[in-house]
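K.L.:
Quick one: this structure, given as structure tokens, is what I'll be asking you about.
Structure (structure tokens):
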């Protein structure tokens with residue numbers, strides 16, 4: 001009897017491990033492929049199934065001495081500015097919607113409908129506005145365009161976290177002698193800081209990955225990483241080796257950030273729910 | 001310290017009246033308990049005093065100030081919530097000092113006051129810990145400490161003991177009374193537990209459906225419930241109610257009839273507390289009704305006392321008797337009961353209002 005149970009759990013474990021292994025291969029194989037490609041010469045790239053080859057660093061040196069570091073910094077700036085503004089505006093908005101039901105149920109869920117709008121609809125007006133404000137081709141214009149999809153997501157993400165803070169905490173602070181804003185800052189905000197951090201990283205990744213807005217709104221000097229990566233698709237054909245290097249440069253920060261927030265990311269998407 | 005006065009206070013939420021024109025005077029240093037079933041408006045009333053709910057109509061006076069439209073922070077009241085509402089990210093020290101810092105007191109005075117309050121409540125050794133590391137009882141003490149340290153005009157308690165286990169609840173009850181005696185600050189306390197209300201209050205305010213049904217000392221409310229609802233809500237086990245008619249000074253209900261005196265005729269409900277239902281021979285006296293036969297359905301031993309569930313003439317009756325009385329009883333057999341005629345409560349069958357004793361009732365048989 002006991003043995004049978006053991007055998008069953010053993011079988012289940014093997015099945016589980018096998019499933020995880022398959023999932024790992026499916027997820028990691030593309031990264032491995034890109035990594036190998038980045039170390040291949042153009043000739044070797046034409047033989048993609050060849051796994052044993054002499055790695056070269058030509059692609060890496062070419063990419064890292066070209067504009068990619070600048071593109072990296074551009075993306076960093078755009079992501080940083082977008083996230084900073086999104087958190088500054090989105091946190092109070094989420095508080096108003098979650099705690100005080102501002103805008104009613106419609107706002108609570110309707111806020112995400114902006115994500116349904118095709119970016120193509122927005123890009124022309126944004127281009128025109130940027131032109132009139134004389135910020136066309138600047139990183140600021142790109143960051144502003146990113147707010148159109150990062151701000152709603154950040155706000156929506158934070159609503160769940162702010163709703164989970166017991167009202168009594170805030171009310172206690174009000175009775176204890178603080179005004180609404182001070183009570184929010186001293187008591188409510190510290191409870192949701194982990195959520196704010198997760199929302200920030202989530203928003204940063206969204207901005208970091210955007211190609212469409214950056215492609216149209218950025219200028220020659222202000223290309224972001226995705227735009228630069230797309231640039232390796234030249235009239236001579238796709239420069240796969242260098243492109244692979246650029247892709248890795250773009251992907252690694254996202255992977256690292258995601259690793260740190262994965263738990264909270266799931267919780268945030270699932271609608272908050274911190275325990276006290 | 002201050003007295004609190006509510007004048008015609010009304011609270012309406014989107015057309016629903018949660019509180020319907022309450023008038024209440026709470027004397028300086030009084031311990032007032034608002035008690036009633038859930039949804040009776042007691043918590044809303046407390047929150048209006050704290051300033052956490054807006055007052056729809058009427059006014060609230062605290063001491064000599066009209067605080068109706070003041071922010072909570074400007075009212076000088078302290079509140080203890082049911083879940084204690086300790087700030088999870090702060091140490092116990094910072095929790096207790098929070099309200100003092102809000103009032104920008106000098107650092108040294110804050111330190112002195114925090115330590116004094118901590119000592120009084122026996123939480124000195126916990127000051128450096130975080131709330132989550134404390135037991136429920138300890139958290140409760142911290143919440144009370146945080147309230148007392150501010151030396152406010154009034155304390156507001158919102159069911160502060162309901163999250164504690166039964167034993168701790170009784171302990172904290174005593175402690176609250178001692179604290180109140182020592183500080184002499186006005187207290188408004190909300191609970192749904194009638195026993196808690198009885199033991200703690202100077203003045204007990206029984207509420208139902210957003211209105212005050214009765215307000216008085218616990219003894220007064222217990223001995224002279226002004227409404228059938230109060231009679232049933234206050235006291236455990238619940239008061240027996242017999243529905244019947246009075247004709248020529250005699251009460252009839254099913255097989256039960258007894259002389260209650262008076263000239264008032266009509267439909268009434270007769271309230272008899274379980275401790276005023278006596279089994280034969282238990283309490284000899286001349287203020288008793290004649291013997292009534294009743295079936296013993298069930299007995300419940302509480303310890304020194306016991307509840308006997310009886311059935312007579314289609315009526316269910318509960319009697320609270322000394323535990324040793326049980327020896328004479330067998331479940332399913334007949335017993336003879338009498339009522340303490342001095343302690344009957346007569347209520348109007350329609351309105352539930354008490355029928356005034358000075359009028360006609362309660363003359364001896």
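Chains as they are written, first to last, in this note's numbering: chain S, 1 to 276; chain U, 1 to 365. Heads up, the beta-carbon is just placed ideally off N, CA and C, and yes, glycines get one too. Every value quoted in this text rests on a predicted model; they were computed, and no experiment measured them.
1) Check each candidate in 217(S), 232(S), 255(S) and name the one with the smallest Cα separation from residue 127(S).
2) How big is the Cα-Cα spacing for residue 97(S) and residue 156(S)?
3) Across which residues does DSSP place residue 214(U) in a beta bridge pair?
4) Does any C-beta atom of chain U lie closer than 8 Å to the C-beta of residue 178(S)?
5) Using 8 Å for Cβ pairs, my map puts residue 48(S) next to residue 89(U). What's the rounded Cβ distance?
6) Are the C-beta of residue 358(U) and some C-beta of chain S separated by less than 8 Å?
7) Leaving out five residues on either side along the sequence, give the residues of the same chain with a beta carbon under 7 Å from the beta carbon of residue 102(S).
8) Taking all protein chains shown into account, do 16 or more other C-beta atoms lie within 10 angstroms of the C-beta of residue 246(S), making it buried, or fewer, making it exposed?
9) Taking one C-beta from the region 189-206 of chain U and one from the region 31-43 of chain U each time, how about it: are there three or more such pairs within less than 8 Å?
10) Count the CB pairs spanning the region 194-202 of chain U and the region 38-47 of chain U that are closer than 8 Å, and state whether there are at least three.
11) Compare the Cα-Cα distances from residue 171(S) to each of 81(U), 166(U), 12(U), 153(U) and report the closest residue.
12) Between residue 71(U) and chain S, is there a C-beta pair that is closer than 8 Å?
13) Kindly say whether residue 77(U), judged by its beta-carbon, lies nearer than 8 Å to any beta-carbon of chain S.
14) On the three-state DSSP scale, how would you describe residue 7(U)?
15) Suppose you measure from the CA of residue 146(S) to the CA of residue 176(S); what does that come to, to the nearest Å?
16) What in chain U is Cβ-close to residue 168(S), meaning under 7 Å?
17) State the start and end residues of the unbroken beta strand (DSSP E) segment that holds residue 194(U).
18) Does residue 50(U) have its Cβ less than 8 Å from a Cβ in chain S?
19) Going by CA-CA distance only, name the one from 308(U), 306(U), 19(U), 256(U) that's closest to residue 243(U).
20) Considering only residues of the same chain and omitting the five flanking positions on each side of residue 274(U), which have a CB-CB separation below 6 Å?
21) Beta carbons nearer than 7 Å to chain S: which residues of the region 86-105 of chain U have them?
22) Compare the Cα-Cα distances from residue 159(U) to each of 245(U), 302(U), 85(U) and report the closest residue.
23) Name the residue from 22(U), 128(U), 75(U), 181(U) whose alpha carbon lies nearest to the alpha carbon of residue 30(U).
24) Helix, strand or coil for residue 74(S) per DSSP?
25) Could you tell me which residues DSSP pairs with residue 347(U) in its beta bridges?
26) Taking the continuous beta strand (DSSP E) assigned at residue 26(U), which residues delimit it?
27) What whole-angstrom Cβ distance do residue 173(U) and residue 161(U) have, given they're in contact under 8 Å?
28) Starting from residue 62(U), trace the beta strand (DSSP E) in both directions and tell me its first and last residue.
29) Since I believe residue 158(S) is in contact with residue 90(S) (beta carbons under 8 Å), could you give me their beta-carbon distance rounded to a whole number of angstroms?
30) Can you pull the chain U neighbours of residue 162(S), defined as C-beta to C-beta under 9 Å?
31) Could you pull out every residue in the same chain whose Cβ sits closer than 7 Å to the Cβ of residue 282(U), ignoring the five residues on either side in sequence?
32) Please report how far the alpha carbon of residue 300(U) lies from the alpha carbon of residue 316(U), in whole angstroms.
33) Taking residue 66(S) as the reference, which of 253(S), 228(S), 252(S), 256(S) has the closest Cα?
34) DSSP on residue 235(S), reduced to helix/strand/coil?
35) Would you tell me roughly how many angstroms separate the C-alpha atoms of residue 171(U) and residue 212(U), rounded to the nearest one?
36) So, is residue 16(S) buried or exposed, given that buried needs 16 or more other C-beta atoms within 10 angstroms?
P.N.:
Let me spell this out:
1) Taking the first residue of the first chain as position 1, residue 127(S) is located at position 127. The shortest Cα separation from residue 127(S) among 217(S), 232(S), 255(S) belongs to 217(S).
2) Mapped onto the first chain, residue 97(S) falls at position 97. Mapped onto the first chain, residue 156(S) falls at position 156. About 9 Å.
3) Position 214 of the second chain, counted from the first residue, corresponds to residue 214(U). In the DSSP output, where bridge partners are listed per residue, residue 214(U) has 206(U).
4) Against the first chain, residue 178(S) aligns to sequence position 178. Yes - at least one Cβ of chain U is within 8 Å of the one on residue 178(S).
5) Along the first chain, read from residue 1 onward, the residue named residue 48(S) stands at position 48. Along the second chain, read from residue 1 onward, the residue named residue 89(U) stands at position 89. About 53 Å; that fails the 8 Å criterion.
6) Residue mapping note: residue 358(U) aligns to position 358 of the second chain, counting from 1. Because residue 358(U) carries a pLDDT of 46, less than 50, the predicted location of this residue cannot be relied on, and no value is offered for it.
7) In the first chain, residue 102(S) corresponds to position 102, counting from 1. So the qualifying residues of the chain are 96.
8) Counted from its first residue, the first chain places residue 246(S) at position 246. Per the 10 Å Cβ criterion, buried.
9) Look at the beta carbons and you see the region 189-206 of chain U touching the region 31-43 of chain U: at least three pairs across the two are nearer than 8 Å.
10) no
11) On the first chain, position 171 is the one that residue 171(S) refers to. With distances taken between Cα atoms, residue 171(S) lies closest to 81(U).
12) To locate residue 71(U), count along the second chain from 1; it is residue 71. It does; some Cβ of chain S falls within 8 Å.
13) Position 77 of the second chain holds residue 77(U). Yes, residue 77(U) counts as interfacial toward chain S.
14) Position 7 of the second chain holds residue 7(U). Correct three-state label for residue 7(U): strand.
15) For the purposes of this step, residue 146(S) is identified with residue 146 of the first chain, where counting begins at 1. For the purposes of this step, residue 176(S) is identified with residue 176 of the first chain, where counting begins at 1. Computed Cα separation, rounded: 40 Å.
16) Position 168 of the first chain, counting from 1, holds the residue named residue 168(S). By Cβ distance, chain U contributes 81, 83, 85.
17) The count along the second chain starts at 1 and reaches residue 194(U) at position 194. Note, residue 194(U): premise wrong, no beta strand (DSSP E); alpha helix (DSSP H) at 194-200.
18) Residue mapping note: residue 50(U) aligns to position 50 of the second chain, counting from 1. So, interface residue.
19) As a first step, residue 243(U) is located in the second chain; it is residue number 243 there, counting from the start. Ranking the options by Cα distance to residue 243(U), first place goes to 256(U).
20) The residue you call residue 274(U) lines up with position 274 of the second chain. So the list reads 237, 318, 319, 320, once near-sequence residues are dropped.
21) 87, 88, 89, 98, 99, 102, 103
22) The residue given as residue 159(U) occupies position 159 in the second chain. Of the candidates 245(U), 302(U), 85(U), the one whose C-alpha sits nearest the C-alpha of residue 159(U) is 85(U).
23) For the purposes of this step, residue 30(U) is taken as residue 30 along the second chain, with counting starting at 1. Answer by Cα proximity: 181(U).
24) Position 74 of the first chain, counted from the first residue, corresponds to residue 74(S). Note: residue 74(S) maps to helix in three-state DSSP.
25) Indexing the second chain from 1 puts residue 347(U) at position 347. 269(U), 354(U).
26) Residue 26(U) sits at position 26 when you count from the first residue of the second chain. Its beta strand (DSSP E) spans residues 16-26.
27) What you label residue 173(U) is simply residue 173 of the second chain in a count that begins at 1. What you label residue 161(U) is simply residue 161 of the second chain in a count that begins at 1. Confirmed, about 7 Å.
28) What you label residue 62(U) is simply residue 62 of the second chain in a count that begins at 1. First-last of the beta strand (DSSP E) with residue 62(U): 57-62.
29) Here residue 90(S) refers to the residue found at position 90 of the first chain. Here residue 158(S) refers to the residue found at position 158 of the first chain. Between residue 158(S) and residue 90(S) the Cβ distance is about 6 Å, and since that is below 8 Å, they are a contact.
30) Within the first chain, residue 162(S) is the residue found at index 162, counting from 1. Chain order gives no chain U residues near residue 162(S), where near means a beta carbon separation below 9 Å; the closest approach is about 15 Å.
31) In the second chain, residue 282(U) corresponds to position 282, counting from 1. With a pLDDT of only 49 at residue 282(U), under 50, the local geometry of the prediction cannot be trusted, and no value is derived from it.
32) As a working note, residue 300(U) is residue 300 in the second chain. As a working note, residue 316(U) is residue 316 in the second chain. Approximately 15 Å, taken between the alpha carbons.
33) To locate residue 66(S), count along the first chain from 1; it is residue 66. Its Cα nearest to that of residue 66(S), the residue 228(S) stands out among 253(S), 228(S), 252(S), 256(S).
34) One-based indexing of the first chain puts residue 235(S) at position 235. Looking at residue 235(S) - three-state DSSP - the assignment turns out to be coil, as it is neither helix nor strand.
35) By one-based count along the second chain, residue 171(U) stands at place 171. By one-based count along the second chain, residue 212(U) stands at place 212. Rounded to the nearest angstrom, the two C-alpha atoms are 29 Å apart.
36) By 1-based counting over the first chain, the position of residue 16(S) is 16. Counting Cβ neighbours within 10 Å, residue 16(S) comes out exposed, since fewer than 16 surround it.
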